[in-house]
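Trainee: Counted the way this note's numbering counts, the sequence shown spans residues 2 to 126.
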Amino acid sequence: MPIDATKPYDQNNIFARILRGEIPCRKVYEDPHALAFHDVNPQAPLHILVIPKGAYVSWDDFSERAPADEIAGFVRAVGHVARENGLAVRGYRLLANVGRNAGQEVPHLHVHLFGGGPLGPMLAR
Ligand code: DGP
2 MPIDATKPYD
12 QNNIFARILR
22 GEIPCRKVYE
32 DPHALAFHDV
42 NPQAPLHILV
52 IPKGAYVSWD
62 DFSERAPADE
72 IAGFVRAVGH
82 VARENGLAVR
92 GYRLLANVGR
102 NAGQEVPHLH
112 VHLFGGGPLG
122 PMLAR
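#1: For glutamate 23, report the span of its beta strand (DSSP E) as first-last.
#2: Are the CB atoms of alanine 35 and glycine 117 within a distance shorter than 7 Å?
#3: Does the stretch 87 to 94 come into contact with the stretch 51 to 62, if we say contact requires no fewer than three beta-carbon pairs (one atom in each stretch) closer than 8 Å?
#4: Whose C-alpha, out of Ser64, Val99, Asp32, Asn98, is nearest the C-alpha of valine 82?
#5: Is glutamate 23 near ligand 2, judged by its Cβ being under 6 Å from some heavy atom?
#6: Exposed or buried, what is glutamine 12 when buried is set at 16 or more other beta-carbons lying within 10 Å of its beta-carbon?
#7: In chain order, what are the residue ranges of uninterrupted alpha helix (DSSP H) at least 4 long that sit wholly in the stretch 64 to 108?
#8: Hey, how far is the Cα of lysine 8 from the Cα of arginine 101?
#9: Check whether the Cβ of isoleucine 15 sits closer than 6 Å to any heavy atom of ligand 1, and report yes or no.
#10: Should valine 107 be listed as close to ligand 1, given that the test is whether its C-beta is under 6 Å from any heavy atom?
#11: Within 10 Å of its beta-carbon, does asparagine 98 have 16 or more other beta-carbons around it, so buried, or fewer, so exposed?
Spelled out as structure tokens, the structure:
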């Protein structure tokens, strides 16, 4: 069920629980600003999620409220994860679903990194 992006941050959403170590994940990378792990339901040969450690519902929330050091740290982490996993060399797709029209399901900002092979058209036809 897509989220209502106008709601306040839910401290018990699934990615908040992963950040607290209450639910396991297949971790790819971690630093003070970000955590990256494999998507539980991969949509590409390689499908990694990168999330900020701060409590932000979406890209919209993050870009409006996050301080500059958190934004820089998160953006650097996304690029680092892509390079370290061989995605930058052959190309990859970076996507963040925001709210209902995009079908965002987890109400904690996450960037999808897709790669590992040709990805097809950007949007379903
Ligand atoms: P979105 O539709 O953009 O909100 O994508 C949510 C993604 O999160 C979806 O691709 C599946 C993934 N996901 C949901 N629950 C879990 C979980 O518990 N663990 C992991 N690793 N991924 C999850």
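The C-beta atom is built at its ideal place from N, Cα and C for all residues, glycine as well. None of the values given here were measured: they were computed from a predicted structure.
Mentor: With the given structure in hand:
#1: In the sequence shown, counting from the first residue as 1, residue 23 sits at position 22. In the DSSP assignment, glutamate 23 falls outside any beta strand (DSSP E) and carries neither an H nor an E.
#2: Start at 1 with the first residue of the sequence shown, and residue 117 comes out as number 116. Start at 1 with the first residue of the sequence shown, and residue 35 comes out as number 34. No. Outside cutoff.
#3: In this structure the stretch 87 to 94 does not lie against the stretch 51 to 62, because fewer than three pairs of beta carbons, one per stretch, are closer than 8 Å.
#4: Sequence index remark: in the sequence shown, residue 82 carries index 81 (1-based). Of the listed residues, the one whose Cα sits closest to valine 82 is Asp32.
#5: No copy of ligand 2 appears in this structure; the ligands present are ligand 1.
#6: Counting from 1 along the sequence shown, the entry for residue 12 is found at position 11. When all chains shown are included, glutamine 12 counts as exposed.
#7: Counting whole runs of 4 or more residues, the stretch 64 to 108 contains the alpha helix (DSSP H) stretches 69 to 85, 88 to 91, 100 to 103.
#8: Here residue 8 is taken as the residue at index 7 of the sequence shown, counted from 1. Here residue 101 is taken as the residue at index 100 of the sequence shown, counted from 1. Their Cα atoms are separated by approximately 12 Å.
#9: Taking the sequence shown and counting its residues from 1, the one referred to as residue 15 is at position 14. Taking non-hydrogen atoms of ligand 1 into account, the C-beta of isoleucine 15 is found less than 6 Å away from one of them.
#10: Here residue 107 corresponds to residue number 106 of the sequence shown, with the count starting at 1. Because some heavy atom of ligand 1 lies under 6 Å away, the Cβ of valine 107 counts as near it: yes.
#11: In the sequence shown, residue 98 corresponds to position 97, counting from 1. Sixteen is the threshold: when 16 or more other Cβ atoms of the shown chains lie within 10 Å of the Cβ of asparagine 98, as they do, the residue is buried.
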